[in-house]
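Residue numbers (our numbering): 24 to 235. We treat Cβ as the ideally placed atom computed from N, Cα and C, and that holds for glycine. Following: one structure in structure tokens, then a few remarks.
And the structure:
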């Protein structure tokens with residue numbers, strides 16, 4: 024089991040260029056841009072959401088990954104949550120493999136309960152531009168994400184935009200995340216802590232679409 028720690032920051036669309044230039048100046052590199060396509064799954068009764076967990080397949084340039092996360096805690100943009108992630112052969116979940124790795128009993132129980140009825144709920148498609156930033160010996164993977172949350176309702180596609188920065192602790196001191204976020208806040212107008220994950224935005228869009 025891994026514990027993911029990252030700060031999410033809502034990035035005004037008009038400030039993407041400023042943020043990009045800041046990271047290029049900070050790291051001395053242009054950044055690695057990759058397309059990420061994600062499919063989120065749950066049951067029609069939202070068993071996973073109610074157990075405060077999420078399940079997705081992600082297509083990356085290197086292949087497919089399946090990821091199971093607990094919602095965890097989020098405060099002032101800092102998200103801390105359990106995460107299990109592994110490569111899979113293709114666009115298909117491998118639930119038994121996930122269950123064999125999931126060592127958090129309540130999350131594993133929810134996944135086992137949900138597995139027979141899993142359906143696709145929504146997708147997120149976005150461009151991620153990556154840099155690694157070193158803060159006093161701490162390695163932080165930084166990303167600018169630009170794209171959309173997508174859901175189909177009665178044959179009609181609905182969407183909500185994604186525009187954010189993620190700062191993920193890879194090694195070192197968690198305090199460095201806050202220091203880097205503070206640096207960014209001074210440099211980029213309108214940047215704000217974001218306690219809502221992409222998965223939560225998908226569930227919110229689904230609920231709104233059902234109400235319309």
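Bridge partners of residue 63, per DSSP?
DSSP lists 79 and 145 as the bridge partner or partners of residue 63.
Am I right that residue 161 and residue 222 are in contact with their C-beta atoms under 8 Å? What's the rounded C-beta distance?
That belief does not hold up - the Cβ atoms of residue 161 and residue 222 are roughly 26 Å apart, past 8 Å.
Do you know whose CA, among 26, 28, 38 and 27, lies nearest residue 208's CA?
Closest option to residue 208, judged by alpha-carbon separation, among 26, 28, 38 and 27: 38.
Buried or exposed (CB count within 10 angstroms, at least 16 for buried), residue 177:
Exposed.
Below 7 Å between beta carbons: does that hold for residue 75 and residue 94?
Result yes, Cβ atoms of residue 75 and residue 94 sit closer than 7 Å.
Comparing alpha-carbon positions, which option in 171, 191, 230 and 118 lies nearest residue 26?
Comparing Cα-Cα distances from residue 26 to each of 171, 191, 230 and 118, the minimum goes to 191.
Tell me, please, which residues DSSP counts as bridged to residue 91.
Residue 91 is bridged to 78 and 107.
Residue of 48, 205, 82 and 165 minimising C-alpha distance to residue 63
Of 48, 205, 82 and 165, the residue nearest in Cα terms is 82.
Considering only their Cβ atoms, is the gap separating residue 187 from residue 34 smaller than 7 Å?
Cβ atoms of residue 34 and residue 187: closer than 7 Å.
Count the other CB atoms, across all protein chains shown, that sit within 10 Å of the CB of residue 102; report buried if there are 16 or more and exposed otherwise.
Buried: at least 16 other Cβ atoms inside 10 Å.
Residues in the same chain with beta-carbon distance under 7 Å from residue 143, minus the five sequence neighbours each way, listed in chain order, please.
A distance below 7 Å between beta-carbons, with the five flanking residues on each side excluded, links residue 143 to the following residues of its chain, in chain order: 62 and 64.
Less than 7 Å between C-beta atoms, sequence neighbours within five positions excluded: which residues of the same chain meet that for residue 224?
Setting aside the 5 residues that flank it on each side, residue 224 is surrounded in the same chain by 172 and 183, each with a C-beta closer than 7 Å to its C-beta; the list follows chain order.
In three-state DSSP terms, what is residue 167?
Correct three-state label for residue 167: strand.
CA-to-CA distance, residue 196 to residue 145, given in whole angstroms:
In this structure, the CA atom of residue 145 is about 35 Å from the CA atom of residue 196.
Closer than 6 Å: is that where the CB of residue 185 sits relative to any heavy atom of the ligand ADP?
Questions concerning the ligand ADP fall outside what the structure shown contains, since it holds no ligand whatsoever.
Nearest-angstrom Cα distance between residue 218 and residue 230?
Residue 218 and residue 230 have their C-alpha atoms roughly 18 Å apart.
CB-CB under 6 Å to residue 202, same chain, minus the five flanking residues each way: which ones, in chain order?
Cβ within range, chain order: 158.
List the endpoints of the continuous beta strand (DSSP E) containing residue 37.
If you look at residue 37, you'll find it isn't in any beta strand (DSSP E); DSSP assigns it neither H nor E.
Selection from 106, 136 and 147 that minimises the alpha carbon distance to residue 127:
Answer by Cα proximity: 106.
Counted within 10 angstroms of its Cβ, other Cβ atoms place residue 44 as buried (16 or more) or exposed:
Per the 10 Å Cβ criterion, exposed.
CA-to-CA distance, residue 55 to residue 32, given in whole angstroms
C-alpha separation (whole angstroms): 19 Å.
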